[in-house]
Amino acid sequence: MIVCGDDALSHRLARELHEVYGEQVTLLVPARPDEPRTPAGRTGRALALFGRVTAAVTRTSGTGAAAGTPGDGAEPTGTLRIVESAEADDRALTDAGVERAAALALVHEDDETNIRAALTARRLNPRLRLVIRLYNRKLGQHLETLLDQAAAVAEPGLDPEKLDAATTVLSDVDTAAPGLAAAAVAGTSKVVQAGGLLLHAVDRPPVAGQAPDPGLCTLALLSATAGDPAGCEGSERSGDAGPRLLPDDRTVAAATGRAAVTLEAVTPAGPALPAARLAASALPVASLFSRRLRWSLAGAFGAVLALALASTFTTGDHPLHAAYLTLLDIFAIGDPAVGEPTGRQVLQILAGFVGLLLLPVIVAALLEGLGTFRTATALRRPPRGLSGHVVLLGLGKVGTRVLARLRRLNIPVVCVESDPEARGVAVARRLRVPTVIGDVTEEGVLEAARIHRAHALLALTSVDITNLEAALSARAVTPDLRVVLRLYDDDFATAVFRTLRTAHPRALTRSRSVSHLAAPAFAGAMMGRQVLGAVPVERRVLLFAAVDVADHPLLDGRTVAEAFRPGAWRVIALDGQGGGSGQGWRLRPDRLLAAGDRVVVAATRRGLAELLGRGGRDDHGAADNSVRTGRG
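Numbering of the sequence shown is given in the working numbering, commencing with residue 5 and proceeding in unit increments.
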């Protein structure tokens, strides 16, 4: 396995493949040409990146030869080596062993760099399994088709069904956005799209003295501790008090008074709506006029209607003719009612007064409508009476996708961004989301976002100290505010959470890491299985993957109940894109899994490794990746 990149995601992905799946991993990192190619010359960022690698990791020089390996180049099983190169070109990929590699992950932050390296790698090894990190989703769909076609042309004799050169394009931001949004809003359902299906998972609050409602099935039991998960709490090292992923029915029945994450519904996915058409309806036509002006217009319309009805009863005219005459009188273009009955003359005078009152209302409506159209493309300010909203700090890659996710859930949001040219500012303007442009560390910025009335704070900037300062400032205003932080340094994160929990025991604090949520999905794709999504369960991750039953002896020929491995994996649905037979997408416990079925499996990281036949090591003494935090 080869991983190309030099950020938190590449580091986590390499460790995931090495420690969980026991793979031989080569980490190809960029090196500046003017720096010496020795460990001592690495930057502080690289030292922080690789300083936590376990003793089993074998460091190498820039040539790529593993230290301590035999002279013929043979490598011990499960090693991780590091190769440095200025860029991922032909020479660097050849030195990393791309021609004999099984999979290559390109996880640079720059889309162009990943695309260029993917085209080069496909030319060097048509059978190579590619996993590419791209932010542009539409471009990713076209790239998958292009690279698969290139592999088929280069190897025409390969069976398309068994072609091991599959290309998977993933976005770490898209993988993490649902978890970040759910962490900020209590009760938000977690939705994973599995081919033609939608899997709905919900958090069920604890009920004193009662076991949690299992729904369709219980995916996880949350921590039994009363405190908010921090440090080892909420991770694998919590013991029986920590979260239990994929418990059996006996464990669920015994977990009285404990919160749970359950699978509530499995529904077919409807046709996707075009994003451009949805965005086009963002113009607030219904709010062209203020409430006071709308009431004035309604009053004028009522007066016209009353005069028309009075004219009908007084003169005996047809209602349409009476309304016509009334409008002529209001706009002062009708003939004087000289010589006509007194009632008609009185009504004409009253219509004239209504016309005088209506004139300023029409002028005000024109001015308000013109002002609304002029500001339709401008950023909105937070309304004065806004409350119960989510304050979102940072409109970069992560913040933009989380904003879109929250708006799809109809959750009110106020954004804060220091850079007016950030990529998410245009999205906020199009969605008509109130946005405050300013540095969150400056006085008055959080107050302008109505933090004192907010439900939660999502601090998603790329600077740890900025997120921490914003959280402390918000807690000073609202002590019980729900806070979700994005922090990189592990020790710093642990100290922050324990301190905030002690200072504000009634408030909820969450940490979510983009790389922590995305790395298992990337690792599963490199192992040749389509990982459909990842759901955070406190400080652990539950994966959803599509699996062909024919390729797995642990599934083939077994019933759904027999294929269930508590704490490891569970078959929860029949993939809507599979060709297997069955009663729709839901599976009964006695349903026999056949070779033609393609099922959706919920699995832990190590459970997925075992299901893939890699025999993930049960290394409880090793450092737990699930409690790490970092930037995506």
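Just so you know, even glycine gets a beta-carbon here, dropped at the ideal spot from N, CA and C.
Outcome for residue i when other beta-carbon atoms lying within 10 angstroms are tallied against a minimum of 16
i	result
Ala352	Here the sequence assigns Gln to residue 352, which means Ala is not the residue at that position. Flag for Gln352 reads buried.
Trp299	exposed
Gly246	buried
Arg137	buried
Pro483	exposed
Phe1	Lying before the first or after the last residue shown, residue 1 is absent from the chain, which here runs from 5 to 636.
Lys142	exposed
Ala463	buried
Leu435	buried
Val211	exposed
Ser14	buried
Pro182	buried
Ser315	buried
Residue i, DSSP secondary structure in three states
i	result
Gly347	helix
His520	helix
Thr73	Any reading at Thr73 needs caution, since the residue's pLDDT is 36, under 50, leaving its predicted position unreliable; the model's value is listed next. DSSP places Thr73 in coil when its eight states are reduced to three.
Leu370	helix
Gly213	coil
His204	strand
Val196	strand
Arg502	helix
Leu435	coil
Ala169	Low local confidence applies: a pLDDT of 49 at Ala169 is under 50, so the model's placement there is unreliable, with the coordinate-based value given in what follows. Coil.
Gly537	strand
Ser515	strand
Arg562	coil
Gln587	Annotation note: pLDDT 40 at Gln587 (below 50); position unreliable, no value reported.
Ile6	strand
Ile86	strand
Phe496	helix
Beta-carbon gap between residue i and residue j smaller than 7 angstroms
i	j	result
Ala215	Ala269	no
Leu174	Ala606	no
Val440	Ala453	yes
Leu485	Leu461	yes
Arg427	Leu383	no
Asp638	Val551	Coverage of the chain is limited to positions 5 through 636, which leaves residue 638 absent and any answer about it impossible.
Leu597	Arg574	no
Ile455	Ala474	no
Val135	Met531	no
Ile6	Ala105	yes
Asp10	Pro34	yes
Val367	Leu399	no
Pro386	Val418	yes
Leu297	Arg516	no
Leu397	Val431	no
Integer Cβ distance of residue i from residue j, believed to fall under 8 angstroms
i	j	result
Val111	Leu32	Contact doesn't hold; Cβ gap of about 10 angstroms is too wide.
Val256	Leu301	At roughly 59 angstroms, the Cβ-Cβ gap does not stay under 8 angstroms, so Val256 and Leu301 are not in contact.
Asn471	Leu450	Not quite, the Cβ-Cβ distance comes to about 13 angstroms (not below 8 angstroms), so this is no contact.
Gly261	Gly219	That pair is no contact at about 18 angstroms.
Ile334	Val350	15 angstroms between Cβ atoms; not a contact.
Ala264	Leu226	6 angstroms
Pro130	Ala155	5 angstroms
Leu203	Leu250	With a Cβ gap of about 14 angstroms, Leu203 and Leu250 do not count as contacting.
Pro593	Ala565	4 angstroms
Length of the line joining the Cα atoms of residue i and residue j
i	j	result
Ser65	Ala100	Here the model assigns Ser65 a pLDDT of 34, short of 50, so the residue's position is not dependable, and the following value carries that caveat. Their backbone Cα atoms lie some 12 angstroms apart in a straight line.
Leu150	Arg133	14 angstroms
Arg502	Arg602	44 angstroms
Leu536	Ala549	5 angstroms
Leu362	Arg208	56 angstroms
Leu413	Val467	27 angstroms
Leu97	Leu84	16 angstroms
Ala523	Arg295	50 angstroms
Ala125	Glu20	22 angstroms
Glu425	Ala326	58 angstroms
Thr67	Val87	Any reading at Thr67 must be qualified, since the residue scores a pLDDT of 36, below 50, and its modelled position is unreliable; no value is offered.
Gly600	Ala507	56 angstroms
Phe305	Ala458	39 angstroms
Arg544	Val488	16 angstroms
Val420	Arg411	16 angstroms
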